[in-house]
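Chains as they are written, first to last, in this note's numbering: chain A, 1087 to 1202; chain B, 86 to 198.
A virtual CB, placed ideally from N, CA and C, is assigned to each residue, including glycine.
Accompanying notes for the structure given below.
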Amino acid sequence: ILNVEQSPQSLHVQEGDSTNFTCSFPSSNFYALHWYRWETAKSPEALFVMTLNGDEKKKGRISATLNTKEGYSYLYIKGSQPEDSATYLCAFLPNYYGGSQGNLIFGKGTKLSVKP
Amino acid sequence: DARVTQTPRHKVTEMGQEVTMRCQPILGHNTVFWYRQTMMQGLELLAYFRNRAPLDDSGMPKDRFSAEMPDATLATLKIQPSEPRDSAVYFCASGLDRVREQYFGPGTRLTVT
């Protein structure tokens, strides 16, 4: 069974703090890693799709790195703002294996709260 | 601004009743996914279609759930008969392929009493 772990489960920071969290995934059969941002009472929105070891992606104050050899990805938020409060989900996409189509396997997310 | 739409947004029904949820994927997207959000499991995949063909429904309880894409603009998820443990938020998502980002609909919140 393929498992995606995210840590921490939740995080409370002050406005202006920089923060980061981790996504761990199987290092074998890697195809892609997705990051999504999920605000309360809304639906997940894609942040990044990463496919290459060493990939680094950036969108405004949010960036992500990828290490496929050791099976982890970091998400960084620089200078957190209250509007960054959301659950951040990562999802691992495995290669096709056996007869499976290899679909996204989601972690349970890191819930970030940013206090003004 | 292209979006995935889902209907209904909320559904309250009694145990044993049939429930049908509908999804309109973004035009041009050829992959459609149905997910269920639960407290315990987070987001779990129920079904996956590519070019309207069902490719993976291994996450779906087969005895009561069924998913179809009668045409490229409509995906349906049906539960018959519904049970209280089916209460959850059901999301539909679409994408250009299985690798690229998925675009999620607003979800259908189902309550089975």
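The C-alpha of Arg107/B lies about 14 Å from the C-alpha of Arg121/B. Judged by DSSP in its simplified three-state form, Glu1091/A adopts strand. For the region 1120 to 1131 of chain A, the residues whose beta carbon sits under 9 Å from a beta carbon of chain B are, in order, His1120, Tyr1122, Trp1124, Lys1128, Ser1129, Pro1130 and Glu1131. Spatial neighbours of Thr1151/A in its own chain (CB-CB distance under 6 Å, excluding positions within 5 residues in sequence) are listed in chain order as Glu1142 and Tyr1160.
At the C-beta level, Pro166/B and Thr198/B stay beyond 9 Å of one another. Where Asn1153/A is concerned, the enclosing beta strand (DSSP E) starts and stops at Ile1148 to Asn1153. Phe1107/A: member of the beta strand (DSSP E) spanning Thr1105 to Ser1110, first to last residue. Comparing alpha carbon positions, the residue from Glu103/B, Thr90/B and Lys96/B closest to Trp119/B is Thr90/B.
Interface criterion met: the Cβ of Tyr1117/A is under 9 Å from a Cβ in chain B.
Within the region 118 to 131 of chain B, the residues whose Cβ lies closer than 7 Å to some Cβ of chain A are Gly127, Leu128 and Leu130, listed in chain order.
Distance between Pro1094/A and Phe1107/A, taken at the CA atoms: about 7 Å.
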